[in-house]
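**Q**
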Amino acid sequence: MNRLKRAISIALIAMMLLPMVALAADTWKFFFPMSIVDTSAAARTSYPVLIGTTGQSMIDAGYINATGTDTRMKLVAVDQKYMLSTTEIATVVGSLPALGQVTHDFYTGYAPVATVFPVIVGEGGYVTISDAAGLEPGNDFEIEIDGYIFTDTGADDDYLLKTDAFNIYNSAADEISAVIPSPIGLIPNDGIALDYVRTNSDWTSIPDAADFSFTDGGGNDEPFSIIAWVYYKDASSGTIISKTKAGAQEWYFKTGGADVLDFTILKLDGSAHRGRLTAAITAYEGLWTHFAATYDGSEVVGGFNIYINGVDSDTTDTTAGAYTGMTNGTALVSIGAHLEGTSAFQDAGMERIKVYDIELSPAQVLADFNGTHLATNLVAYWKFDEGAGNPADSSGNGHNATANLADWVANPTVTAINQTNGEHTINVSADTVNLEISIDGAVAGDGFDSTPLAGASVPDNGNDWVLMKDTISYMDKYSHNVGGALVTEYEWMG
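Start counting the sequence shown at 68; every next residue gets the next number (the numbering used here).
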């Protein structure tokens, strides 16, 4: 069946498929407007679109005839060119502009017999259903996908994706998973994080150690860098990480009352400091965001950088007093709070916090944002992927943490294992209490999984619903129920 996954030169296809319309007792029409988008910089004079699986079945159904004189595939009333073999048929649209979009209305006519007529997009293409209020599933829904599913890639290919809201995907070889966001959004990476609540005075502590003090002991600073993934519920006056206490100040990375991000180093008694600030980061509230701070050890403001999602974003100097370098003090390292858990409590989810003893380059920061982890020069690395208990240090340096009230949160995820390539029905549902996945009607065993929602639901974020992206070779049916009511259903049958 791998022939079904043949790549065709479609950069991106979006379709809204309408139900069959019976015109008369002996006439049938299948109609769909197709928007085709070219993501390349070169205009194309034609664009092939694969529309069926077997040439003979298309002949039998009346979509084409055996001599090839009538394609039965028309753009308005004009026959379109086609390619025909024993395994597939394609039709062609024309005049696609570079980085542009055209919309065509295709239809087939005449009186076909009842023959499977799947939509096949091919690698690089997908079908979208435009988002609408009625499609929003919340925590009470049932979604079903029927089609030929390739499960052996293990490449996180998407069967259904509503970005940052809902995903059914190939999570590993022979595994099909579904995930929705946690109450603090769709947690990246391992899907587990610590949730810090300001009103609860949540924070995480790490014992003092010499390698958290970036000084040579003779009044000269040394470089260091900090990275963290943060989901701000409220960006005002919250600490990412800090090594400070009264009379033993060293460094901090936190937001202030104006919602600006502040990376600062201090003289031990707090009488002098140097650092850089960003503009207000309120636009990042409610989003998982990658923050990084780097310092070259030069003891001047020009040695600082703050990055947001891999982009250098600091805008303003912050200075006071006669700064003469950091001193190795005795303060604990605090995550989620300032001054050893006594102020500037965080109101955010956090994960994957790293401290390095080098100044990371812009390229290294961007690589980390894109998922490439630098394993050298780590002082500490808290993945926050345990899901229970206290966070461990993954750097190998033994800087394990104590959670101190912060709660573990995870994306509700369900997985059906041992699912081989083939025809499958994927059913994902939620009943306000649990999220479930069922493959081919399974109610137990490898084809079934269930997990508590724990307050999670699918957010209404306005993103479209994307089907068949790369992995599903064809899809026979898609149905979408919300609150027990069928909202939309597409069934590609002749």
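Glycine included, C-beta positions come from ideal geometry on N, C-alpha and C.
These figures come from a predicted structure and were not determined experimentally.
Please determine, among 227, 204 and 269, the residue with the shortest C-alpha to C-alpha distance to residue 413.
**A** Counting from 1 along the sequence shown, the entry for residue 413 is found at position 346. The option with the nearest alpha carbon to residue 413 is 269.
**Q** Whose CA, out of 208, 454, 531 and 369, lies closest to the CA of residue 475?
**A** On the sequence shown, residue 475 is found 408 positions in, with the first residue counted as 1. It is 454.
**Q** Ends of the alpha helix (DSSP H) at residue 519?
**A** Taking the first residue of the sequence shown as position 1, residue 519 is located at position 452. Segment 515-519 is the beta strand (DSSP E) holding residue 519; no alpha helix (DSSP H) there.
**Q** Buried or exposed: which applies to residue 336, given that a residue is buried once 16 or more other Cβ atoms fall within 10 Å of its Cβ?
**A** Numbered from 1 along the sequence shown, position 269 holds the residue referred to as residue 336. When all chains shown are included, residue 336 counts as exposed.
**Q** Nearest to residue 500 by CA position, among 287, 266 and 208, is which residue?
**A** Counted from its first residue, the sequence shown places residue 500 at position 433. Comparing Cα positions, the closest option is 208.
**Q** Under three-state DSSP, which class holds residue 547?
**A** Taking the first residue of the sequence shown as 1, we reach residue 547 at position 480. It is a strand residue.
**Q** Rank 194, 485, 265 and 275 by C-alpha distance to the C-alpha of residue 516 and give the top, closest one.
**A** For the purposes of this step, residue 516 is taken as residue 449 along the sequence shown, with counting starting at 1. Checked all of 194, 485, 265 and 275; the closest Cα to residue 516 is 485.
**Q** Using the beta-carbon count (16 or more within 10 Å), is residue 556 buried or exposed?
**A** To locate residue 556, count along the sequence shown from 1; it is residue 489. By the 10 Å Cβ count, residue 556 comes out exposed.
**Q** I want to see whether chain D comes within less than 8 angstroms of residue 358, judged by CB atoms only; does it?
**A** The structure shown has no chain D; it contains just one protein chain.
**Q** In angstroms, rounded to a whole number, what distance separates the CA positions of residue 246 and residue 398?
**A** Start at 1 with the first residue of the sequence shown, and residue 246 comes out as number 179. Start at 1 with the first residue of the sequence shown, and residue 398 comes out as number 331. Their Cα atoms are separated by approximately 40 angstroms.
**Q** From residue 407 to residue 314, what does the alpha carbon distance come to, in whole angstroms?
**A** The sequence position of residue 407 within the sequence shown is 340, counting from 1. The sequence position of residue 314 within the sequence shown is 247, counting from 1. So the alpha carbons of these two residues sit roughly 12 angstroms apart.
**Q** Report the option in 339, 195 and 218 whose CA atom is closest to the CA atom of residue 227.
**A** Walking along the sequence shown from the start, residue 227 turns up at place 160. The residue with the shortest Cα to Cα distance from residue 227 is 195.
**Q** Could you tell me the alpha carbon to alpha carbon distance between residue 260 and residue 450, rounded to whole angstroms?
**A** Numbered from 1 along the sequence shown, position 193 holds the residue referred to as residue 260. Numbered from 1 along the sequence shown, position 383 holds the residue referred to as residue 450. Their backbone Cα atoms lie some 8 angstroms apart in a straight line.
**Q** Would the segment 318-329 count as touching the segment 242-258 if we require 3 or more Cβ pairs under 8 angstroms?
**A** The segment 318-329, when compared against the segment 242-258, does not touch it at the 8 angstroms Cβ threshold.
**Q** Considering only residues of the same chain and omitting the five flanking positions on each side of residue 502, which have a CB-CB separation below 6 angstroms?
**A** In the sequence shown, the residue the question calls residue 502 occupies position 435. Excluding positions up to five away in sequence, the list reads 479, 481, 518 and 520.
**Q** Hey, how far is the Cα of residue 493 from the Cα of residue 211?
**A** For the purposes of this step, residue 493 is taken as the residue at position 426 of the sequence shown. For the purposes of this step, residue 211 is taken as the residue at position 144 of the sequence shown. C-alpha separation (whole angstroms): 6 angstroms.
**Q** Can you give the Cα-Cα distance for residue 347 and residue 273, rounded to whole angstroms?
**A** Residue numbering aside, residue 347 sits at position 280 when the sequence shown is read from its first letter. Residue numbering aside, residue 273 sits at position 206 when the sequence shown is read from its first letter. In a straight line, the C-alpha of residue 347 is about 29 angstroms away from that of residue 273.
**Q** Can you tell me the Cα-Cα spacing of residue 354 and residue 376, whole angstroms?
**A** Indexing the sequence shown from 1 puts residue 354 at position 287. Indexing the sequence shown from 1 puts residue 376 at position 309. Looking at the two C-alpha atoms, the distance is approximately 11 angstroms.
**Q** For residue 388, write down the residues that DSSP places opposite it in a beta bridge.
**A** One-based indexing of the sequence shown puts residue 388 at position 321. Answer is none; residue 388 lacks a bridge partner.
**Q** Smallest Cα separation from residue 463: which of 446, 471 and 469?
**A** For this step, residue 463 is matched to residue 396 along the sequence shown. Nearest option by C-alpha distance: 446.
**Q** Within 10 angstroms of the Cβ of residue 510, are there 16 or more other Cβ atoms? Answer buried if so, exposed if not.
**A** Position 443 of the sequence shown, counting from 1, holds the residue named residue 510. Exposed: under 16 other Cβ atoms inside 10 Å.
**Q** What does a CB cutoff of less than 8 angstroms around residue 458 pick up in its chain, not counting 5 residues either side in sequence?
**A** Position 391 of the sequence shown, counting from 1, holds the residue named residue 458. Correct list, in chain order: 261, 271, 449, 450, 451, 467, 468 and 470.
**Q** Apart from the five residues just before and just after residue 201, which ones in its own chain have a Cβ nearer than 6 angstroms to its Cβ?
**A** For the purposes of this step, residue 201 is taken as the residue at position 134 of the sequence shown. Around residue 201: 554.
**Q** With 16 other CB atoms within 10 Å as the buried threshold, where does residue 568 fall?
**A** Given that the chain is displayed from residue 68 to residue 561, the structure contains no residue 568 and the question cannot be resolved.
**Q** Tell me which residues share the same chain as residue 327 and place their Cβ nearer than 6 angstroms to its Cβ, disregarding the 5 neighbours each side in the sequence.
**A** Mapped onto the sequence shown, residue 327 falls at position 260. Answer for residue 327: 344, 345 and 347, listed in chain order.
**Q** State the Cα-Cα distance for the pair residue 403 and residue 307, rounded to the nearest angstrom.
**A** Locating residue 403 in the sequence shown gives position 336, counting from the first residue. Locating residue 307 in the sequence shown gives position 240, counting from the first residue. C-alpha separation (whole angstroms): 5 angstroms.
**Q** Taking C-beta to C-beta, are residue 225 and residue 536 nearer than 8 angstroms?
**A** The residue given as residue 225 occupies position 158 in the sequence shown. The residue given as residue 536 occupies position 469 in the sequence shown. For residue 225 and residue 536, yes; Cβs fall inside 8 angstroms.
**Q** The beta strand (DSSP E) spanning residue 225 covers which residue range?
**A** Numbered from its first residue, the sequence shown carries residue 225 at position 158. 225-229 is the span of the beta strand (DSSP E), which, as asked, contains residue 225.
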